[in-house]
Amino acid sequence: MKKNIIYELNALYREPMQVVGYEFGAGEKSVCVVGSMRGNEVQQMFACSRLIERLKQLEARQEIAAGKSILVIPCVNSYSMNIGKRFWSTDNTDINRMFPGYDMGETTQRIAAGVFAVIKEYGIGIQFASNYMSGRFLPHIRMMQTGFEDIETAKKFAFPYVVTRNTRPFDTTTLNYNWQIWETRAFSVYTTDTEEIDRQSASDAVKAIERLLNEEGIVHSTVNGGYHYQSQVLCDDNLLSVRCREAGIYENRAFVGEEVTKGQLLAVITDPYEGGVLEELRAPADGTVFFQHKAPLIYADTAAVKLVYLSAGS
Amino acid sequence: MAREIKSELGSVCEVKLPIGETLAIKRNRILPVDTAQGKRKRIGIVTGIHGDELEGQYVCYEVLRRIREQPECLTGIVDVYPAMNPMGIDSMTRGIPGFDLDMNRIFPGSGDGAMTEYVAHKIIEELSGADLIVDIHASNIYLTEIPQIRINELHSDVLVPLACHMNVDFVWVHASSTVLESTLAYSLNSTGTPTLVVEAGVGMRITKAYGAQLADGLMNTMRTLGIWQGAAYPAREPIVDARADGVVFFNAPKAGIFVPEAKHWTTLERGDVVGRIVNPLTGDVLAEITTPERGILFTIREYPVVDEGSLVGRLLKR
Numbered sequence: 002m003k004k005n006i007i008y009e010l011n012a013l014y015r016e017p018m019q020v021v022g023y024e025f026g027a028g029e030k031s032v033c034v035v036g037s038m039r040g041n042e043v044q045q046m047f048a049c050s051r052l053i054e055r056l057k058q059l060e061a062r063q064e065i066a067a068g069k070s071i072l073v074i075p076c077v078n079s080y081s082m083n084i085g086k087r088f089w090s091t092d093n094t095d096i097n098r099m100f101p102g103y104d105m106g107e108t109t110q111r112i113a114a115g116v117f118a119v120i121k122e123y124g125i126g127i128q129f130a131s132n133y134m135s136g137r138f139l140p141h142i143r144m145m146q147t148g149f150e151d152i153e154t155a156k157k158f159a160f161p162y163v164v165t166r167n168t169r170p171f172d173t174t175t176l177n178y179n180w181q182i183w184e185t186r187a188f189s190v191y192t193t194d195t196e197e198i199d200r201q202s203a204s205d206a207v208k209a210i211e212r213l214l215n216e217e218g219i220v221h222s223t224v225n226g227g228y229h230y231q232s233q234v235l236c237d238d239n240l241l242s243v244r245c246r247e248a249g250i251y252e253n254r255a256f257v258g259e260e261v262t263k264g265q266l267l268a269v270i271t272d273p274y275e276g277g278v279l280e281e282l283r284a285p286a287d288g289t290v291f292f293q294h295k296a297p298l299i300y301a302d303t304a305a306v307k308l309v310y311l312s313a314g315s
Numbered sequence: 040m041a042r043e044i045k046s047e048l049g050s051v052c053e054v055k056l057p058i059g060e061t062l063a064i065k066r067n068r069i070l071p072v073d074t075a076q077g078k079r080k081r082i083g084i085v086t087g088i089h090g091d092e093l094e095g096q097y098v099c100y101e102v103l104r105r106i107r108e109q110p111e112c113l114t115g116i117v118d119v120y121p122a123m124n125p126m127g128i129d130s131m132t133r134g135i136p137g138f139d140l141d142m143n144r145i146f147p148g149s150g151d152g153a154m155t156e157y158v159a160h161k162i163i164e165e166l167s168g169a170d171l172i173v174d175i176h177a178s179n180i181y182l183t184e185i186p187q188i189r190i191n192e193l194h195s196d197v198l199v200p201l202a203c204h205m206n207v208d209f210v211w212v213h214a215s216s217t218v219l220e221s222t223l224a225y226s227l228n229s230t231g232t233p234t235l236v237v238e239a240g241v242g243m244r245i246t247k248a249y250g251a252q253l254a255d256g257l258m259n260t261m262r263t264l265g266i267w268q269g270a271a272y273p274a275r276e277p278i279v280d281a282r283a284d285g286v287v288f289f290n291a292p293k294a295g296i297f298v299p300e301a302k303h304w305t306t307l308e309r310g311d312v313v314g315r316i317v318n319p320l321t322g323d324v325l326a327e328i329t330t331p332e333r334g335i336l337f338t339i340r341e342y343p344v345v346d347e348g349s350l351v352g353r354l355l356k357r
């Protein structure tokens with residue numbers, strides 16, 4: 002393993018911010034894995050740390066294929082993580098809205114450019130990502146439909162679901178989009194949580210990546226446990242939003258991954274002062290809980306739960 | 040003959056908040072009380088999409104004050120939306136509090152998405168069809184801008200003639216960028232509602248002179264559109280620049296404290312010093328930022344702390 006400084010940014014009163022990369026094997030730039038880019042993406046960094054731990058073992062056992070190199074960058078934004086801020090510490094911009102970056106531009110454009118210059122040549126790009134909607138997800142692989150998305154490779158993670166979605170204008174400056182445009186096979190991995198550690202879903206994600214590495218001939222190892230699904234491929238239309246009309250105290254009555262039947266209670270919203278039930282959210286169809294709101298308070302007009310139709314997908 | 044006007048207070052949309060409160064995006068519609076037939080012209084004055092940009096608050100007040108002073112001059116509809124992001128304004132937050140989202144990157148929104156997308160969708164529904172929307176911004180808390188209008192080159196044919204009535208100093212026609220397709224202005228312009236984006240002043244402040252300048256421009260523009268019959272205000276002719284390389288960006292080469300030397304909206308010669316980046320711990324000058332050629336400094340850094348790459352100024356080449 003080689004530990005390299007991918008990018009360094011100097012500051013006036015803080016230690017320089019170093020983006021550190023861990024390189025395993027040598028030769029063809031096969032796979033790059035990126036962890037947290039936002040200051041709250043603790044689970045994403047944690048999952049990378051588990052992956053680095055595992056790759057150390059594989060390298061020691063000489064189970065990384067000859068002529069293949071793997072790069073893991075656990076954290077791109079340690080400055081924001083250290084002060085508990087989601088976006089860039091001074092101007093609140095999002096590094097994951099700055100790709101491919103600009104080395105003569107503003108600070109986060111420079112960070113994006115510095116990192117992208119190193120990672121754009123990898124054949125496969127994997128990002129541990131988070132969603133702007135706060136809540137719990139069923140682990141899945143997500144890809145934007147750019148025309149370059151590679152669904153067959155995505156299935157090799159053996160996650161329960163591969164989700165593709167239409168590209169929106171603001172997506173064009175994300176890492177995933179730009180990787181695809183630069184002809185890297187790019188995949189966003191969503192584990193269950195973001196701001197809290199979920200050891201099980203991090204472990205499952207690491208095993209899924211190891212499974213992909215085996216399928217691609219980049220490592221030759223035995224993967225014990227983890228997911229073994231034939232991934233169901235979904236698009237936005239296969240996810241059914243259950244929206245709330247009321248606001249108040251929010252409590253789930255189902256769990257992520259639970260198969261529910263039409264009419265089953267999914268969540269309740271209660272009056273924050275008097276405790277009475279304001280609204281019951283029920284499943285509009287048979288399906289699997291794919292996403293659920295997690296915070297104890299909820300606004301009205303929020304997609305609180307998303308279901309996968311049982312009949313949907315491939 | 041004296042003409043009466045009426046004020047209709049309403050809201051673009053309302054969303055219940057968890058604890059005993061409803062979020063409402065408020066609108067004040069001012070229109071004449073008469074029986075004139077036919078469709079009236081309509082202008083929408085929008086501000087507060089970014090909760091830390093407050094220059095537009097004074098502009099809204101000043102336009103309403105002028106209309107109330109001469110109600111007989113109003114012949115069309117003036118819709119004023121001073122707080123598109125009311126929770127942001129209330130909490131000194133640029134984005135939408137609770138979501139950490141830039142509201143001007145989620146348009147046109149969706150009737151089926153998260154609450155924020157629903158709100159964006161309702162705003163587009165509300166504003167569509169107006170004869171003109173003016174979206175007033177105030178840069179951010181880091182930079183001071185001379186009153187200017189920014190126009191995507193895709194919509195310049197329609198918008199530049201309108202912008203020239205707005206009494207701004209500068210009209211910047213810039214290249215198209217995919218990411219800007221998520222803005223309010225792009226969404227409206229691309230669906231046939233002309234929308235001007237004004238940048239003036241600095242975040243978290245009101246610069247009264249700029250506010251009065253923009254109010255003059257809005258009254259003149261309303262006059263041109265047939266919404267206002269009052270006397271024209273003296274108006275400046277803006278510099279219109281559509282060159283791909285017409286603007287020099289000054290980015291901090293070092294992290295430190297930026298101390299400006301040049302005055303805002305002055306002509307600088309090649310080699311003039313815009314400012315210095317200094318280290319208060321050691322007393323060193325870390326960098327001196329000079330102009331590569333002659334031009335007018337239309338953006339200047341207001342917030343002194345800079346990272347490597349922070350924008351400290353923009354120069355319009357002359």
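Here the protein sequences come in this chain order: A and B. Converting from the first sequence to this note's numbering requires adding 1 to each position, the first position being numbered 1. Converting from the second sequence to this note's numbering requires adding 39 to each position, the first position being numbered 1. Glycine included, each C-beta is placed from N, C-alpha and C at the ideal position.
For residue i, return the contacting residues in chain B, with the cut-off set at a CB-CB distance below 9 Å.
{"i": "A249(A)", "result": "The sequence as given places Gly at residue 249(A); Ala does not occur at that position. What G249(A) touches in chain B: K55, P57, I58."}
{"i": "R273(A)", "result": "Note that residue 273(A) is Pro in the sequence shown here, rather than Arg. Those within 9 Å of P273(A) in chain B are P57, I58, G59."}
{"i": "S242(A)", "result": "D151, G152"}
Taking Cβ-Cβ distances shorter than 7 Å, what residues in chain A pair up with residue i?
{"i": "A294(B)", "result": "N11, A12, L13"}
Three-state secondary structure (DSSP) at residue i?
{"i": "S50(B)", "result": "strand"}
{"i": "I219(A)", "result": "coil"}
{"i": "R137(A)", "result": "strand"}
{"i": "S315(A)", "result": "Summary for S315(A): the model assigns pLDDT 39, below 50, so the residue's position carries little reliability; its value from the coordinates is reported in the next sentence. Coil at S315(A), not helix or strand."}
{"i": "M126(B)", "result": "helix"}
{"i": "S50(A)", "result": "helix"}
{"i": "M40(B)", "result": "Note that M40(B) scores 48 on pLDDT, short of 50, meaning its location in the model is unreliable; the coordinates nonetheless yield the value given after this. Three-state result, M40(B): coil."}
{"i": "I96(A)", "result": "helix"}
{"i": "S79(A)", "result": "helix"}
{"i": "T185(A)", "result": "coil"}
{"i": "Y228(A)", "result": "coil"}
{"i": "F289(B)", "result": "strand"}
{"i": "N179(B)", "result": "coil"}
{"i": "C203(B)", "result": "coil"}
{"i": "W180(A)", "result": "helix"}
{"i": "F171(A)", "result": "helix"}
{"i": "A271(B)", "result": "coil"}
Might you give, ordered along the chain, the residues of its own chain that have their beta carbon closer than 8 Å to the beta carbon of residue i, omitting 5 neighbours on each side?
{"i": "V43(A)", "result": "S37, M82, T195, E196, E197, I198"}
{"i": "V173(B)", "result": "I82, G83, I84, V85, M205, T234, L235, V237, L257, T260"}
{"i": "E184(B)", "result": "A177, S178, E238, A239, G240, V241, F337, T338"}
{"i": "M40(B)", "result": "Interpretation of M40(B) is limited by its pLDDT of 48, a score under 50 that renders its predicted location unreliable; the figure taken from the coordinates is listed afterwards. Same-chain partners within the cutoff: E111."}
Can you pull the chain B neighbours of residue i, defined as C-beta to C-beta under 7 Å?
{"i": "Q146(A)", "result": "Near Q146(A) there are no residues of chain B at all, since even the closest Cβ is about 15 Å away, more than 7 Å."}
{"i": "R111(A)", "result": "E347, G348"}
{"i": "E107(A)", "result": "N290, G348, S349, L350"}
{"i": "F171(A)", "result": "R144, V218, S221"}
{"i": "T303(A)", "result": "A153, M154"}
{"i": "T174(A)", "result": "V218"}
Closest Cβ-Cβ distance between residue i and chain C: below 8 Å?
{"i": "T217(B)", "result": "The displayed structure is made up of protein chains A and B, and chain C is not among them."}
Taking Cβ-Cβ distances shorter than 9 Å, what residues in chain A pair up with residue i?
{"i": "R133(B)", "result": "N93"}
{"i": "N318(B)", "result": "L13"}
Considering only residues of the same chain and omitting the five flanking positions on each side of residue i, which have a CB-CB separation below 6 Å?
{"i": "C76(A)", "result": "G36, S37, M46"}
{"i": "H176(B)", "result": "E92, E238"}
{"i": "R166(A)", "result": "D237"}
{"i": "A224(B)", "result": "D174, T234, V236"}
Considering only residues of the same chain and omitting the five flanking positions on each side of residue i, which have a CB-CB separation below 7 Å?
{"i": "S221(B)", "result": "R144, I145, F146"}
{"i": "D170(B)", "result": "K80, R81, I82, L264"}
Which residues of chain A have a Cβ atom closer than 8 Å to the Cβ of residue i, listed in chain order?
{"i": "V344(B)", "result": "L13, T91"}
{"i": "D139(B)", "result": "R87, F88, Y133"}
In chain B, what lies closer than 8 Å to residue i by C-beta?
{"i": "I195(A)", "result": "A quick correction: the sequence has Thr, not Ile, at residue 195(A). Correct list: empty, because the minimum Cβ distance to chain B is about 12 Å."}
{"i": "L298(A)", "result": "P57, I58"}
Should the stretch 116-132 of chain A be regarded as contacting the stretch 27-40 of chain A, the criterion being three or more beta carbon pairs within less than 8 Å? yes
Count Cβ pairs between the stretch 60-75 of chain A and the stretch 136-156 of chain A that sit closer than 8 Å; are there 3 or more? no
Members of the stretch 146-171 of chain B that neighbour chain A once the beta carbon cut-off is set at 7 Å: D151, G152, A153, M154, Y157
For the stretch 116-136 of chain A, list every residue whose C-beta sits within 9 Å of some C-beta in chain B, in sequence order. Y133, M134, S135
Of all the residues that make up the stretch 177-211 of chain B, which are near chain A by a beta-carbon distance shorter than 7 Å? Y181
What residues in the stretch 262-275 of chain B bring their beta carbon closer than 7 Å to a beta carbon of chain A? none
Chain B contacts made by the stretch 148-168 of chain A, where a contact means CB separation under 8 Å: none
How do the stretch 202-216 of chain B and the stretch 54-67 of chain B stand: do at least 3 beta-carbon pairs fall below 8 Å, yes or no? no
For the structure I just gave you, are there three or more beta carbon pairs, one from the stretch 337-357 of chain B and one from the stretch 181-196 of chain B, closer than 8 Å? yes
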